[in-house]
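Visitor: The following block contains the structure, expressed as structure tokens.
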Amino acid sequence: MVAIYEILKVPNKVLTTPAKRVEKITPNVLRVLDNMYETMKFASGVGLAAPQVNILKRMAVVDAEDGMGRLDLINPEVLEGRDLQMGADGCLSIPGIYGETERYAWIRVRMQTRTGEIVEFEESGFRARVIQHEIDHLDGILYTTKTARLFREEEPAGTAKRRNL
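Mapped onto my numbering, the consecutive letters of the sequence shown carry residue numbers 1145 to 1309.
Spelled out as structure tokens, the structure:
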């Protein structure tokens, strides 16, 4: 049975606490990832990190709605990034507030899959932005600490796509 978790909101201190590595992938870890994915979809997000649902483990889910589908990230890390670009960040933990944030347009990531396999892959565009946002959450970093400008939902954001990451 799938559960919808409560999403923590700022200023909850869990959101600025670095998450611990997942040491063993168990059926409970997989169930948490499934519940996180359903929670993210229920909240109309495109990414959700475990600390946002009060679980201090290095896990996140992403579905950038780009046709590439769901991505479960376990113990992810960005190994390399290229081409810094400004773009809009939003967050399910900071509703109604967006920020112009610099992130890499291309990244190389290492992570574990649901089966425990360690893989590396490259990602670009919006999906790369979402992955970086979620990894920041795992490091206890909120986008509001690195944004060039914050704005409310009703304010113009230029041509940037505003999404809750």
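Quick reminder that beta carbons are idealized off the backbone N, C-alpha and C, glycines included.
In chain order, what residues of the same chain have a beta carbon less than 6 Å from the beta carbon of ARG1247, not counting five sequence neighbours either side?
Guide: Against the sequence shown, residue 1247 aligns to sequence position 103. Once the five neighbours on either side are set aside, the close Cβ partners of ARG1247 are ARG1273, GLN1276.
Visitor: Could you please give me the residues that DSSP links to GLN1276 through a beta bridge?
Guide: Within the sequence shown, residue 1276 is the residue found at index 132, counting from 1. Beta-bridge pairing links GLN1276 to no other residue.
Visitor: Who are ILE1238's beta bridge partners in DSSP?
Guide: Stepping through the sequence shown from its first residue, residue 1238 is reached at position 94. CYS1235.
Visitor: Per DSSP, ASP1216 forms a beta bridge with which residues?
Guide: Stepping through the sequence shown from its first residue, residue 1216 is reached at position 72. For ASP1216, which the question treats as bridged, DSSP gives the partners VAL1205.
Visitor: Using a Cβ-Cβ cutoff of less than 7 Å, which residues in the same chain neighbour ALA1163 once the five nearest sequence positions on both sides are dropped?
Guide: As a working note, residue 1163 is residue 19 in the sequence shown. ALA1194, PRO1195, LEU1200, LYS1201, ARG1202, LEU1282, listed in sequence order.
Visitor: Of the residues MET1180, ARG1175, ARG1165, which one's Cα is nearest the Cα of LEU1236?
Guide: Here residue 1236 is taken as the residue at index 92 of the sequence shown, counted from 1. Per the Cα distances, MET1180.
Visitor: What are the boundary residues of the beta strand (DSSP E) that includes GLU1267?
Guide: Indexing the sequence shown from 1 puts residue 1267 at position 123. Segment 1262-1268, the beta strand (DSSP E) holding GLU1267.
Visitor: DSSP on LYS1164, reduced to helix/strand/coil?
Guide: Within the sequence shown, residue 1164 is the residue found at index 20, counting from 1. LYS1164: strand per DSSP, three-state reduction.
Visitor: Please name the residue in THR1170, THR1160, PHE1186, THR1289 whose C-alpha comes closest to that of THR1245.
Guide: The sequence position of residue 1245 within the sequence shown is 101, counting from 1. Of THR1170, THR1160, PHE1186, THR1289, the residue nearest in Cα terms is THR1289.
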